[in-house]
Structures are given as C-alpha cells and as structure tokens.
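S.K.: Residue numbers (this note's numbering), protein chains in the order written: chain A, 1 to 709; chain B, 710 to 1005.
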Amino acid sequence: MFLKPLMLAGLGAAVIPLVLHLLSKARYRSVEWGAMMFLTAGPMHAQRSTRLKQLLLLLLRVCMIATLTIALARPVIRARAAASAEDARIHAIIILDRSASMGYVEQSRTRLAEAKQAVINILSNLHRGDEVSLILTGDPVDPGQAQPTTDLQSVAARVGALVPSYGRANIAAALEQARQAMLREPGVTHELYIVSDQQASSWERVNDRFVTLWQSTQAQLNASLRTFAIPVGGAEADNVAIESIELPGPPLIRDIAGKVELRLRNFGPIPRSDLPVRIFANGKQVAQMTTNLAPDSSSMATAWLKFPASGSQVLSARLTSSGLRSDDRIDCAVEVLEPVRVLIITGETRSADRRSSADYLRLALAPFEASGEAGVDPAVVRIIGVDDWWGISPDRDDVIILSNVGPLSDDQVRQLEQFCYAGGAIVFAPGNLTDVESCNTDLYREGEGFLPAGIKSTINVTAHVAQADNSHPVFDFLQDRAGGLPDAPVTKILDLEDRSSDARVLASFAGNKPFLIERPFGRGRVLMFTTTLGTDWNALPTSSIYLPMMQSAIRYLAGINLPQRNLKPGEPIELSFDHEPAETAATVTLPNGQQRRARVNQSGQRWTMRFGETNLPGRYLLAFPNGKPSNYVVQAPRDESDPTPVSTERWAWLQNALNFKWLNPEKDALANAVTSERTGKELHLPLLGLVALLALGEMALARMWSRQS
Amino acid sequence: MAHVSRFLDPSLVERLNQLQVSARSVVEGNTVGQHRSPVKGASIEFRQHRFYAPGDEPRRLDWRVFARTERPYIKEYDEETNLRCVLLLDRSGSMGYRGKAGSKFDYAARLAVSLSYLMLGQTESVGLAIFGSEMQHWLAPHAGTHQLSRIIDVLDRLSPQGASDVGLAMRETADRLERRALVIVLSDLFTPAKSIRQGLARLRHDRHEVIAMRILDANEIEFPFRKWARFRGMEGEASILTETSLSRQIYQRNFREHQRELEDSFHTLRGEFATFTTEKPLIETLTTFLRRRVLV
Chain A
1 MFLKPLMLAG LGAAVIPLVL HLLSKARYRS VEWGAMMFLT AGPMHAQRST RLKQLLLLLL
61 RVCMIATLTI ALARPVIRAR AAASAEDARI HAIIILDRSA SMGYVEQSRT RLAEAKQAVI
121 NILSNLHRGD EVSLILTGDP VDPGQAQPTT DLQSVAARVG ALVPSYGRAN IAAALEQARQ
181 AMLREPGVTH ELYIVSDQQA SSWERVNDRF VTLWQSTQAQ LNASLRTFAI PVGGAEADNV
241 AIESIELPGP PLIRDIAGKV ELRLRNFGPI PRSDLPVRIF ANGKQVAQMT TNLAPDSSSM
301 ATAWLKFPAS GSQVLSARLT SSGLRSDDRI DCAVEVLEPV RVLIITGETR SADRRSSADY
361 LRLALAPFEA SGEAGVDPAV VRIIGVDDWW GISPDRDDVI ILSNVGPLSD DQVRQLEQFC
421 YAGGAIVFAP GNLTDVESCN TDLYREGEGF LPAGIKSTIN VTAHVAQADN SHPVFDFLQD
481 RAGGLPDAPV TKILDLEDRS SDARVLASFA GNKPFLIERP FGRGRVLMFT TTLGTDWNAL
541 PTSSIYLPMM QSAIRYLAGI NLPQRNLKPG EPIELSFDHE PAETAATVTL PNGQQRRARV
601 NQSGQRWTMR FGETNLPGRY LLAFPNGKPS NYVVQAPRDE SDPTPVSTER WAWLQNALNF
661 KWLNPEKDAL ANAVTSERTG KELHLPLLGL VALLALGEMA LARMWSRQS
Chain B
710 MAHVSRFLDP SLVERLNQLQ VSARSVVEGN TVGQHRSPVK GASIEFRQHR FYAPGDEPRR
770 LDWRVFARTE RPYIKEYDEE TNLRCVLLLD RSGSMGYRGK AGSKFDYAAR LAVSLSYLML
830 GQTESVGLAI FGSEMQHWLA PHAGTHQLSR IIDVLDRLSP QGASDVGLAM RETADRLERR
890 ALVIVLSDLF TPAKSIRQGL ARLRHDRHEV IAMRILDANE IEFPFRKWAR FRGMEGEASI
950 LTETSLSRQI YQRNFREHQR ELEDSFHTLR GEFATFTTEK PLIETLTTFL RRRVLV
C-alpha cells in the first residue's frame, strides 16, 4: 500500500524522457555533410549497438522518474500486526523494571533514569484515546497496577517520580500480569514494551513452561499484539557488594569487644585490592579496614568492636565502589547488654584454702572483680549456698548456675522451673554432691523437667573434650583459636540415659559421650554439663577454654530472648510481654521518616505487638511514649547485586520465544521503529537510493558512450 | 581582376614571393629552369653564363671565367629542364563543406593558385586538372604568366558539386601525362582508400612524384555535434538521422582507419601525404609544406 497514493499521479511524468527523446529526434539539426562515408561505414552491429544504447539510456531515464514517483508515494510493506485502520486504538502495556539493579550508575546516570526516558518516549508515540497499563517489576506484585488508563500524563508523572526499589525484578511475573491485562481486552491492538536492564536474574523464570503459556496467549490474540524489548544500560558485570553483616558470637556486652563479620562479594572480572570498608555505630565511624577481592569471589572481613553503651544500636558497614550503589551499604540492629547477672547456687562448702567450682566460675565470669583489678567483666556474679535460697527471679538474675548441688526441695525445683519458663537461663553442672536419682526424679522427670537429659550413673573415664559445635555461640570463640580444643583430662562424667526430644549436644568427649547439652524450656534455656565446673572430676578450669567457654555460655543465655531486630522486607516487627505493658501503643518511625502507630494486643496469657509495614529497607525506630526507642533494621535483599547480563544465546532464545523486537530507547529511533511496526515497513528510502543509482548509471553511460577518443 | 584577388590577395602575394618551390625529383620540361635534366644528348647547347647562386652545383662552375674574373659563374645549357607540375583539384560536393573558416573548395583553390604562382614565377610549368566523379577539366602544364590567368579563370567558374573519385582522377592524370611530373592532389580524399591507393600506384608506376594535400574542415575531424542531427550528403548520399553523441565513436573510428590506410599507402608507395585544415591560414600551410620539402 501507499501512504501518499496521490503522488502516483506523477507516474505520467515517466513519459517525459520519451517525449523529450522524440522531440529531440524531431527537432534535429540539419547538417550538410561531406564525410558521409564515415557515418555509414563500419559493421552493422556497431550501428545496431548505437540504437541499443539509445534505447537503454531512454529506459534508464524512464525508470528513474517512475521510481522517484513511486518513492514519493511512500510505499509500505504491511507488517503482520499492523493496525487494520490508521486510527486503531492501542493499549500499550509497559513493563518497567525498577529493581535494585536499575540503580546501577553508568555514564553519570542510573539505568532507571534511562528507562524512564524510554517510557516517556513510548508515551509520546501514543495518541488521544490510547490506553496505558504500567507494570512495575522490582516491587511486590500488585494485581491492580495493570489497570489501563487513558491519562497518559498521570502515567508520565508517576514514572518521573520513580526511584530504584530494593526488590528483585521478575519479568515472568510482570509478563503474566500483562497477559492477564491483554486477555481482558481481546479486541484491542496491544503493544507490550519491556523496559529493563540486561540482568540475567530478572529473566530467570521465563522458562519453557512460561513460554508455552505465553505463546498460546499470542495465538489467541492473533495479530493484535506487538512486543518490544528495550534494554537500557550496558552489559557491565562489575559490582562489589556487602552481602551480609553478622555478629556470630554471643550477644554483645557493654565495653566488651565483640566480633563483627562482613561478607563481601566481587561479582566482576576485575580483582580489587585494598578496598576500603568503614564501619559505623549509630552513625559514627568506629572502624576502617581494607580488603582484597579476587574476581568473582567472596571474602570475609572481621572487626572487633566495643560498645560503650548498652541498649539498641545500629551497626553499619559501607564501601565505596562504582556500579550499583544500593548494595555498598548494609545495616544491622544490635542489642548491647549490660553485664550478665549470674547467680551461682552451689552445694559446696567454700573455704579459703580450696577453690570450689563456684570460685572457678566466678574467676571465669568476673575475672577483674574476682582479682580486684580495674576492668569490665562480662558478668556480675553472686554466689549463694543451696541452703541460702531465698528466691530467684528473672528481674534480678539472668542466669542461674547450679553447680554441684544435692537434692533440691520441691519448692526450689518449682522456682527454678518458673524462672526458666519465664525466660531465665539455667546452667547445670554436676559434682560429688549430685544425687542421680533425685536429678532424674525432680529435674528431668522423663523430659518434663528442665534438665535436658536423664542420668544413668556417674562413671570414671579417661577422656578429654574432643568435639564442639563452633557454629554455636558458646563455642564460636574456637574459630579464631589455633590448636582447637585443649587436651584437659576428664576423669569422671555423668553417663546419660536418654535425652529430651528438644535437647541438642553442643560438645562431646572422645567416644561421643556428651559434654554439654542444651535444651529450651519455656521461654528460657538450659545448659547441662556432664562433668564438674570445678577441678573435682577434670582439669577444665585450668585449661584455656574454660574462661571463654563460660563467658560465651552466659552471654549466649542472656541473649536468648532478645527480639529479632534484623528483618527481611515484609517480615513484621514483633514484641511479646508476659504482663500487660503500661503503654499499649508505640510509635514506629519508618526509614522514609513517616510514622505509624503500633498497638499491643492481648493473646491468651501474653500481650503482643505486631507491625507489618516493613517493605521498605532501612532503619525502623519503635518507641513507647515513656520507654527507650528500639532499633529494627529491614535489610535490603542482595538478590540484584549480581549484574551478570543475559548471554547472547539466552537473548536469542527469549526473542524467539516471546517474539519481541529490539527497540533503541533513543526518541527518534524508537518513534521510527514503532511507527514502522504500526504501519508497515516503508520502502521510500531504498527506492530513493535506487533512483540515485539509476541517475548515476545514466550519467556514467551517457558520458562513456559519448566520450571523444 | 576581382576574381584574381579572390584567390591571390596582395598580402599573400608578398608572402609567396619570399617562398621557393623545389622538387625532389627532376622531370622533363621545355623551358630552362632550375632543375637538372636526366636527359643527356648532343643537342645540348650552351646558352649563357649566370652568376653562381647558392645551391648550384660546383661542377657547373666555369673555371676559365673564374680564373679570368675571379668571380664564380655557371654555364646554362638549353637542355636544363623546368619542373612540370599538375595540380589535381577536387571539385566534388564534399569540398563545398563550409566551416567557420570557409569552404574547403575555396581553400583548395586558393592553395592551387598560390602554388601555381610560386612555380610559374620560377618559370616552371604548371597544369590544372579538375575532377569530381571523373576528370572534368584538363589544363596542360605550361609556363608563363598567362598560364596563371588561365588557371584562375578555370577556378573562378567552378563550384563544388557531384560525387568524387580521387583514384580514378589520378589514373586519368597518369594517362594524360606524357612525361614525368609532380602531381599535387588537392582534395578531402573522401573516397575509399583502396581506390586512392590504386591511383597512386599508377602514378608512381609512371615515376611521377605525388603529393597529396588533404584539405579538411576541423568539424570533419572532431565531429563536434550534439543531440540529434540529420546529415545530408553533399554528394547525393541518403541522409542519416542519428543521435550524434552515440554515433561519434563510430564516425571517428572510421575516419581514423581511413586516414591510417591513406598514410600507409603513401608511405609504401613513396608519395607524400599531409593533412591541413581550413582553420590554418593558407600561408602557414604553404610555408609548412615547402619548408619540409626544402629540408628533405
């Protein structure tokens, strides 16, 4: 077809060369000539070739004019999905990737900025009456967002206000939304635009199964679907990210150094050396380190930090790199505890000339206080005899250590169980006074009691602690320790009979006899040693692991009921109370500065508060009117940190599977390509080129044939 | 006398007076001239002494006179012959082609008169043969100023017309000439080269010296026409309508081929061949031609 068919009237001009030829022939010049013999002499084919040359030149001239006329009429090869009428309404479905990777900075602007401009260019090619559905990927799926609108300006305004999210792009999910939108309007011409960077992970879920469903939809929509892919950004695969920040050991104690581990990842092909990383506590830089990263590898950076104040705090790590910036920083909410309140209940008689297990424990848990030197101890220790029992409470003590006690009264057992049930922690260590039968009857009660395991008997052994779970906070200190577990001899242990179903062995002797077992009990936790914490049955108190093990144990136990302060997007902030709190509502400040109210609700015998509006990564501050604020951190996922682009083969597969055409995001190129798809492929430019060739050919031949030798 | 000035204007005469005609070979003649006779016999008589002129043969010096007068004199005999020359002038229709510089026939006629003037001035014998498709007028070679008038009268009454056959004219000239002569052909030579070669061969067989002075217009060499043109034959040929830009190549190829054949024929048969265009002033044509002959 022709876009300007009226121009075809100019085809009549193609006879002009013929007319001129005939006129020229008719208006010949008459010459009286004497040398006629040279005009008529020569072979006949030379004369015939002269006539043929005349005809060929005439033909070229006629073709030139005819081709020019046809080109000016703008012929078009109709595309398969071209609109059947010039003014067919178009439903443009724009899938815009605003995932974290779109924050990648290239040539001083983010990929999202380029994508937004491409969307504006798409909108500018639509006309009054056309509809637009905008689907954002990188955000949680919102089924309502694919509703079409004819208000193009509002869509443009909405697009203009977008910033990169922290989520992961899921092109398959977005395509499914688009598919549903198209099926709701089957009689309309649909144009689907996929504006995204080239990150491979975005397209992961576009698999064979998805493609089968998609192609059936395409067949259903027949010719009324045109699909375009507009890739923005380059194919850079270079990014360094902080993947995680963790405090692997036991909870932090005020003024006691705690280990902070950072995991960094280099996604790119370039090695990084001396990469600076800074650590901040509550916004103030507290440490700086450098690290080296080989191409496509991870590494761990460790720092030991002290916190001078207790309470809820935020730890941040930052590095400086190019490319994606959103993963160059990570936050972590930490709870710094006051020194653990430890109550040691012992059955031993203490004397000045002999150290009891309680003495060893005190030395390990409060070494500065026990030795009378200045320093910060991780624990505040009280020692009472089993007969000096006057009551225990989680309000007063955090951890109770039962060290070498004999049979307890029912009331004592009940108090201990209540203490543990309410969230306190108990450490049980045997001794010469331990009564196996009463332990089984009163403390274990076939798993009903707080003791993790029943006792068969005490046995003499020749053993040493051989294995320990160094991923457990109690034994995390072993990771930084050369030489492993010490060879401290153990001569007597409790031989355990059975264990409660929720008991877990944290360490064992050679021969697999348990050394340390843990179990939860109510809201509390119990650690059970199977040998003394004094020197009666072993030489552990004089070994190098005794102090760090005991300190780690009580710190671990003190932190078991700390609320989860580091959340994933969408994971709620939850608090629970044993008693009805004085204030039943708290204020939550979001990372963007907005504030919300969170209420406390009663649930059975407990009171809980649940705040679920945590999709936005960043720091949340929860504060009761008369209480100290608590920090919570929603950590941005690192799903988009890997910038690995889609491979060439994968692109080819996607293009074939989804039947899309590539579009250049630049305004004019995009407009031309879309117009060409809508109206068909124009031929006027190739035809004009042909006209130029014909003209050149005619001039060259005429010149050559008329050249004088 | 107006018709004389048509062929010989005063400026031309003045220039001609400075030129001299010499023949490469001696031909038989009746009047004592400047050329040595090949015919020797008892009837040779002393005629007179004349002062030695540069170019005279030293063996003709009269040493007795020299000894006596101490001046060089040569002896002239009755048997020294003059040059016999026949001007073979083409009056066919093609000679009537008129370019920017005038018609070829006028040019050739003026050339013939100029040559006649030169030779008759040196007491040579000059004749005139006018031809077209056949010999049309024969003026036998004679010396003297009256011969010039006769030549001019003949030329004045002529106009170019009809076909031409140069070869035939040359053969007929050979038939008419009893003795060796210098034959100067003044024509555009628009005749098949084979025919001309035959005529030349005939003349050379009779030991005549042949000079062909081909007279052309520049247009006939360059063929400068554009667009369409109808060429009407000036010798009765059928007209041809052609787009000249396309037929130029054929014309020029044929022309060059004919020219080459003529040059080869004259070279082979030891004739002299020169091409002149009407754009070249007549006196330059003569000067060029005569100087070549003097050097040779």
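All residues carry an ideal CB built from backbone N, CA and C; glycine is no exception.
Under 7 Å, CB to CB, which of the residues in the segment 9-38 of chain A have a partner in chain B?
M.R.: Those would be Ser24, Lys25, Tyr28, Arg29, Ser30, Val31, Glu32, Trp33, Gly34, Ala35, Met36, Met37 and Phe38, in chain order.
S.K.: Nearest chain A C-beta to Glu929(B) closer than 8 Å, yes or no?
M.R.: As a working mapping, residue 929(B) is identified with position 220 in the second sequence. Glu929(B) counts as touching chain A.
S.K.: Suppose the cutoff is 6 Å on Cβ atoms and the five residues either side in sequence are ignored; what does the same chain contact list for Ala883(B) look like?
M.R.: By 1-based counting over the second sequence, the position of residue 883(B) is 174. Counting only Cβ-Cβ distances below 6 Å, and skipping sequence neighbours, we find Arg911, Leu912 and Asp915.
S.K.: So which residues of chain B does Trp651(A) contact, with C-beta pairs closer than 7 Å?
M.R.: Residue numbering aside, residue 651(A) sits at position 651 when the first sequence is read from its first letter. By Cβ distance, chain B contributes nothing, its closest Cβ being about 57 Å from Trp651(A), past 7 Å.
S.K.: Measuring alpha carbon to alpha carbon, tell me which of Asp862(B), Asp926(B) and Ser803(B) ends up nearest Lys809(B).
M.R.: On the second sequence, residue 809(B) is found 100 positions in, with the first residue counted as 1. The candidate whose alpha carbon is nearest that of Lys809(B) is Asp926(B).
S.K.: Within its chain, find whatever has a CB closer than 6 Å to the CB of Gly129(A); leave out the 5 residues flanking it on each side and keep chain order.
M.R.: Residue 129(A) sits at position 129 when you count from the first residue of the first sequence. Closer than 6 Å at Cβ, skipping near neighbours: Arg89.
S.K.: Counting contacts by CB-CB distance shorter than 8 Å, is Lys903(B) in contact with chain A?
M.R.: As a position in the second sequence, residue 903(B) is number 194, starting the count at 1. No, Lys903(B) lies away from the interface with chain A (no Cβ there is under 8 Å from its Cβ).
S.K.: Check distances from the C-beta atoms of the segment 953-966 of chain B to those of chain A and list, in chain order, the residues that come in under 9 Å.
M.R.: Correct list: Thr953, Ser954, Leu955, Ser956, Arg957, Gln958, Ile959, Tyr960, Gln961, Arg962, Asn963, Phe964, Arg965 and Glu966.
S.K.: So for Ala503(A), helix, strand or coil by DSSP?
M.R.: Sequence index remark: in the first sequence, residue 503(A) carries index 503 (1-based). Correct three-state label for Ala503(A): coil.
S.K.: Suppose contacts are defined by Cβ-Cβ distances below 8 Å. Is Phe419(A) in contact with Ile400(A) by that definition?
M.R.: Along the first sequence, read from residue 1 onward, the residue named residue 419(A) stands at position 419. Along the first sequence, read from residue 1 onward, the residue named residue 400(A) stands at position 400. For Phe419(A) and Ile400(A), yes; Cβs fall inside 8 Å.
S.K.: Considering just the uninterrupted stretch of the alpha helix (DSSP H) at Tyr360(A), what are its terminal residues?
M.R.: Working through the first sequence from its first residue, we reach residue 360(A) at position 360. First-last of the alpha helix (DSSP H) with Tyr360(A): Ser357 to Leu365.
S.K.: Judging by CA-CA distance, which residue of Arg599(A), Ala161(A) and Arg226(A) is the nearest neighbour of Thr188(A)?
M.R.: Mapped onto the first sequence, residue 188(A) falls at position 188. It should be noted that the sequence gives Val, not Thr, for residue 188(A). When each option's Cα is compared against that of Val188(A), the closest is Arg226(A).
S.K.: Between the segment 803-829 of chain B and chain A, which residues of the former have CB atoms less than 9 Å from a CB of the latter, in chain order?
M.R.: Residues passing the 9 Å Cβ filter: Ser803, Met804, Gly805, Tyr806, Arg807 and Lys813.
S.K.: Classify Gln153(A) as buried or exposed, calling it buried when 16 or more other Cβ atoms lie within 10 Å of its own Cβ.
M.R.: Against the first sequence, residue 153(A) aligns to sequence position 153. So Gln153(A) ends up on the exposed side.
S.K.: If you drop the 5 nearest sequence neighbours on each side, which residues of the same chain put their C-beta closer than 7 Å to that of Thr994(B)?
M.R.: Locating residue 994(B) in the second sequence gives position 285, counting from the first residue. For Thr994(B), where only same-chain residues beyond five positions count, the Cβ hits under 7 Å are Leu820 and Phe985.
S.K.: Quick check for students: name the residue ranges of the beta strand (DSSP E) that lie wholly in the segment 920-1003 of chain B, counting only runs of 3 or more.
M.R.: List check, beta strand (DSSP E) in window: 937-942, 949-952 and 981-986.
S.K.: Could you check what DSSP says for Leu824(B) in three-state terms: helix, strand or coil?
M.R.: Counted from its first residue, the second sequence places residue 824(B) at position 115. Leu824(B): helix per DSSP, three-state reduction.
S.K.: State yes or no: is the beta carbon of Ala938(B) nearer than 8 Å to at least one beta carbon in chain E?
M.R.: Annotation note: the requested chain E is absent from the structure, which comprises protein chains A and B.
S.K.: Could you list the residues in the segment 54-77 of chain A with a C-beta less than 9 Å from some C-beta on chain B, going in chain order?
M.R.: Cβ contacts with chain B: Gln54 and Leu57.
S.K.: Tell me whether Glu185(A) sits in a helix, a strand or coil according to DSSP, three-state version.
M.R.: Reading the first sequence from its first residue, position 185 is the one you call residue 185(A). Note: Glu185(A) maps to coil in three-state DSSP.
S.K.: Kindly list, in the order they appear in chain A, the residues whose Cβ is closer than 9 Å to that of Arg941(B).
M.R.: Looking up residue 941(B) in the second sequence gives position 232. Ordered by position in chain A, the residues that pass the 9 Å Cβ test against Arg941(B) are Ser30, Val31, Glu32, Trp33 and Met36.
S.K.: I'd like the list of long-range same chain contacts for Thr110(A), defined as Cβ closer than 7 Å, with 5 residues on each side in sequence excluded.
M.R.: Residue 110(A) sits at position 110 when you count from the first residue of the first sequence. Cβ neighbours of Thr110(A) beyond the five flanking positions: Met102, Gly103, Tyr104 and Pro164.
S.K.: If you draw a straight line from the alpha carbon of Ala172(A) to that of Val119(A), how long is it in whole angstroms?
M.R.: Here the question's residue 172(A) lines up with position 172 in the first sequence. Here the question's residue 119(A) lines up with position 119 in the first sequence. For Ala172(A) and Val119(A), the distance between alpha carbons rounds to 20 Å.
S.K.: Alpha carbon to alpha carbon, how far is Arg906(B) from Arg715(B)? Give it in angstroms, no decimals.
M.R.: In the second sequence, the residue the question calls residue 715(B) occupies position 6. In the second sequence, the residue the question calls residue 906(B) occupies position 197. Approximately 33 Å, taken between the alpha carbons.
S.K.: If contacts are defined as beta-carbon pairs under 8 Å, then Pro591(A) and Pro617(A) qualify, I think. What distance do you get, rounded to the angstrom?
M.R.: Mapped onto the first sequence, residue 591(A) falls at position 591. Mapped onto the first sequence, residue 617(A) falls at position 617. Between Pro617(A) and Pro591(A) the Cβ distance is about 7 Å, and since that is below 8 Å, they are a contact.
S.K.: Is it the case that the Cβ atoms of Thr290(A) and Ser299(A) are separated by a distance below 8 Å?
M.R.: In the first sequence, counting from the first residue as 1, residue 290(A) sits at position 290. In the first sequence, counting from the first residue as 1, residue 299(A) sits at position 299. No, Cβ-Cβ distance for Thr290(A) and Ser299(A) is not below 8 Å.
S.K.: For the ligand FMN, any of its heavy atoms closer than 7 Å to the Cβ of Arg226(A)?
M.R.: In the structure shown, the ligand FMN is absent, as is every other ligand, since no ligand is present at all.
S.K.: Using 8 Å as the threshold, is the segment 435-453 of chain A in touch with the segment 481-500 of chain A, meaning 3 or more CB pairs across them?
M.R.: Yes, the segment 435-453 of chain A touches the segment 481-500 of chain A.
S.K.: Nearest CA to the CA of Leu533(A): which residue from Ser403(A), Pro269(A) and Arg606(A)?
M.R.: What you label residue 533(A) is simply residue 533 of the first sequence in a count that begins at 1. With distances taken between Cα atoms, Leu533(A) lies closest to Ser403(A).
S.K.: Name the one or two DSSP bridge partners that Cys420(A) has.
M.R.: Locating residue 420(A) in the first sequence gives position 420, counting from the first residue. DSSP lists no partner for Cys420(A).
S.K.: Just to confirm, are Ile383(A) and Gln415(A) a CB contact at a threshold of 8 Å?
M.R.: Working through the first sequence from its first residue, we reach residue 383(A) at position 383. Working through the first sequence from its first residue, we reach residue 415(A) at position 415. No; because the gap between Cβ atoms is not below 8 Å, this pair is not in contact.
S.K.: What first and last residue would you give for the alpha helix (DSSP H) that runs through Gln313(A)?
M.R.: On the first sequence, residue 313(A) is found 313 positions in, with the first residue counted as 1. Segment Gly311 to Leu319 is the beta strand (DSSP E) holding Gln313(A); no alpha helix (DSSP H) there.
S.K.: What are the boundary residues of the beta strand (DSSP E) that includes Ala241(A)?
M.R.: Reading the first sequence from its first residue, position 241 is the one you call residue 241(A). Segment Val240 to Glu246, the beta strand (DSSP E) holding Ala241(A).
S.K.: In its own chain, which residues sit with a C-beta less than 6 Å from the C-beta of Ser630(A), not counting the 5 before and 5 after it?
M.R.: On the first sequence, position 630 is the one that residue 630(A) refers to. The answer, listed in chain order, is Ser312 and Leu622.
S.K.: Go ahead and pull the three-state DSSP assignment for Pro250(A).
M.R.: As a position in the first sequence, residue 250(A) is number 250, starting the count at 1. Pro250(A): coil per DSSP, three-state reduction.
S.K.: Using a threshold of 8 Å, state whether the C-beta atoms of Ile493(A) and Val465(A) are closer than that.
M.R.: Position 493 of the first sequence, counted from the start, is the residue given in the question as residue 493(A). Position 465 of the first sequence, counted from the start, is the residue given in the question as residue 465(A). No. Outside cutoff.
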